[in-house]
Amino acid sequence: MQRVCSGVPLLLLPFALVACGPAEPKAPDARIRRDTRIIHEECDTDAANAKAHDVNGDGRSDLRIAFRGGREACRAVDLNFDGRVDTWVFRDSQGSVRRRESDFDRDGRIDEIAIFSAGQLTSKQIATNLAGRLDTWQYYEGGVLKRGERDSDGDSVVDQWWEFPRTPKSDCALVHSDVDGDGRPDPGATVDMCKDEAEAAPESPAASSAAPRPSTTAARPPAPMASTPPLSAAPASASGGSAAKAPVGGGKP
Numbered sequence: 001m002q003r004v005c006s007g008v009p010l011l012l013l014p015f016a017l018v019a020c021g022p023a024e025p026k027a028p029d030a031r032i033r034r035d036t037r038i039i040h041e042e043c044d045t046d047a048a049n050a051k052a053h054d055v056n057g058d059g060r061s062d063l064r065i066a067f068r069g070g071r072e073a074c075r076a077v078d079l080n081f082d083g084r085v086d087t088w089v090f091r092d093s094q095g096s097v098r099r100r101e102s103d104f105d106r107d108g109r110i111d112e113i114a115i116f117s118a119g120q121l122t123s124k125q126i127a128t129n130l131a132g133r134l135d136t137w138q139y140y141e142g143g144v145l146k147r148g149e150r151d152s153d154g155d156s157v158v159d160q161w162w163e164f165p166r167t168p169k170s171d172c173a174l175v176h177s178d179v180d181g182d183g184r185p186d187p188g189a190t191v192d193m194c195k196d197e198a199e200a201a202p203e204s205p206a207a208s209s210a211a212p213r214p215s216t217t218a219a220r221p222p223a224p225m226a227s228t229p230p231l232s233a234a235p236a237s238a239s240g241g242s243a244a245k246a247p248v249g250g251g252k253p
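Quick note, the sequence shown lines up with residues 1 to 253 if you use my numbering.
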């Protein structure tokens with residue numbers, strides 16, 4: 001290993017080398033940076049072959065469906081009939097849902113992007129603070145939430161890791177926090193959300209003040225509206241379908 005001696009006269013260098021210790025290896029940067037931008041995938045509901053439906057009969061389109069090659073490509077849905085799109089649903093070439101974008105607080109901005117494979121949920125990108133930036137990333141196995149990552153301070157660096165080991169009771173998480181900013185979970189900074197107290201409280205007062213108990217409210221996305229439709233229904237076809245045959249969320253009429 002390279003030895004480090006600085007400021008030593010050349011004449012004394014042979015003697016100084018004996019006293020010089022090995023250089024401290026620098027720990028690699030373990031910080032994980034995430035792209036916090038919310039990127040909307042276009043759904044061309046204004047195309048000539050797109051279909052619009054007035055589901056509640058108020059004279060305004062509540063559901064617009066775009067097609068590609070005669071198959072449904074995506075749909076834009078106004079779930080609460082306020083004239084603003086709340087949900088975009090995108091389908092793959094087999095007709096299965098592959099992506100869903102949701103606006104929960106009705107401000108016109110996407111709060112959650114859900115990704116599917118063969119119609120099954122695999123991951124979510126969420127803006128839990130509803131501030132127009134992603135801060136939470138969740139990962140699913142077999143449609144069940146298994147783990148999550150969170151940027152709790154808005155610097156685009158992951159500083160919390162959520163584990164959901166108690167399947168099927170997946171609402172109970174173990175939350176590991178990075179208190180000192182080195183990108184690694186810190187000893188004593190793990191919280192069991194199913195217990196009243198942390199499993200291991202930080203030993204120093206500084207660590208205690210820097211690692212507050214994670215909030216289940218802040219770290220989880222807003223709950224979808226009760227009217228959020230099922231995703232497993234068959235897609236619409238370009239050849240036909242009235243408003244009654246093309247329900248708002250793609251579910252059965």
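Where is the CB? At the ideal position from N, CA and C, for every residue including glycine.
Note that the coordinates shown come from a computational prediction; the quantities given were computed from them, not determined experimentally.
Span separating the alpha-carbon of residue i from that of residue j
i	j	result
arginine 60	arginine 33	43 Å
serine 96	glycine 119	5 Å
aspartate 35	arginine 133	9 Å
arginine 99	proline 28	35 Å
arginine 75	threonine 136	25 Å
arginine 71	glutamine 125	27 Å
serine 115	glutamate 42	It should be pointed out that residue 115 corresponds to isoleucine in this sequence rather than to serine. Approximately 15 Å between the Cα atoms of the pair.
valine 55	isoleucine 65	13 Å
alanine 19	arginine 31	Unreliable positioning characterises alanine 19 in this predicted model, as indicated by a pLDDT of 48, which lies under 50. A coordinate reading is not provided.
serine 177	glycine 148	12 Å
phenylalanine 67	isoleucine 113	21 Å
lysine 195	aspartate 105	30 Å
proline 235	aspartate 58	24 Å
aspartate 184	alanine 131	Reading off the sequence shown, one finds arginine at residue 184, where the question assumed aspartate. Each residue's alpha carbon lies about 26 Å from the other.
serine 215	glycine 188	Any reading at serine 215 needs caution, since the residue's pLDDT is 45, under 50, leaving its predicted position unreliable; the model's value is listed next. Each residue's Cα considered, the two are about 17 Å apart.
glutamate 150	serine 156	Sequence inspection shows arginine at residue 150; the glutamate mentioned does not correspond to that position. Cα to Cα, arginine 150 sits roughly 9 Å from serine 156.
glutamine 94	leucine 145	25 Å
valine 179	lysine 51	52 Å
Given residue i as reference, the closest of the options once Cα atoms are compared
i	options	result
alanine 173	Asp29, Gly183, Arg75, Gln138	Gln138
glycine 108	Val191, His40, Arg184, Ala236	His40
glycine 154	Asp29, Ala30, Gly188, Arg37	Arg37
phenylalanine 164	Arg71, Gly188, Gly143, Asp182	Gly143
asparagine 129	Tyr140, Asp111, Ala50	Asp111
aspartate 186	Arg64, Val175, Ala73	Val175
alanine 127	Leu121, Tyr140, Ser152, Lys146	Ser152
aspartate 182	Asp192, Val158, Met193, Lys195	Val158
aspartate 192	Trp161, Asn80, Ser102, Ala66	Trp161
aspartate 82	Ala73, Asp92, Asp103, Gln94	Asp103
arginine 91	Arg106, Asp105, Ala73, Asp58	Ala73
alanine 47	Gly57, Asp58, Gly69	Gly69
tyrosine 140	Ser117, Ala131, Arg150, Asp105	Ser117
Residues sharing a beta bridge with residue i, DSSP
i	result
leucine 121	Phe116
cysteine 74	Ala66, Phe90
valine 55	According to DSSP, valine 55 bridges with nothing at all.
valine 97	Arg91
serine 237	Arg71
Proximity below 8 Å, CB of residue i to CB of residue j
i	j	result
valine 85	aspartate 78	yes
histidine 53	aspartate 44	no
asparagine 49	alanine 238	yes
threonine 122	glutamate 101	no
Checklist entry - Whole beta strand (DSSP E) runs in the segment 157-194 with 3 or more residues, listed along the chain? => result Listed in chain order, the complete beta strand (DSSP E) runs (minimum 3 residues) inside the segment 157-194 are 160-163, 174-177, 190-192.
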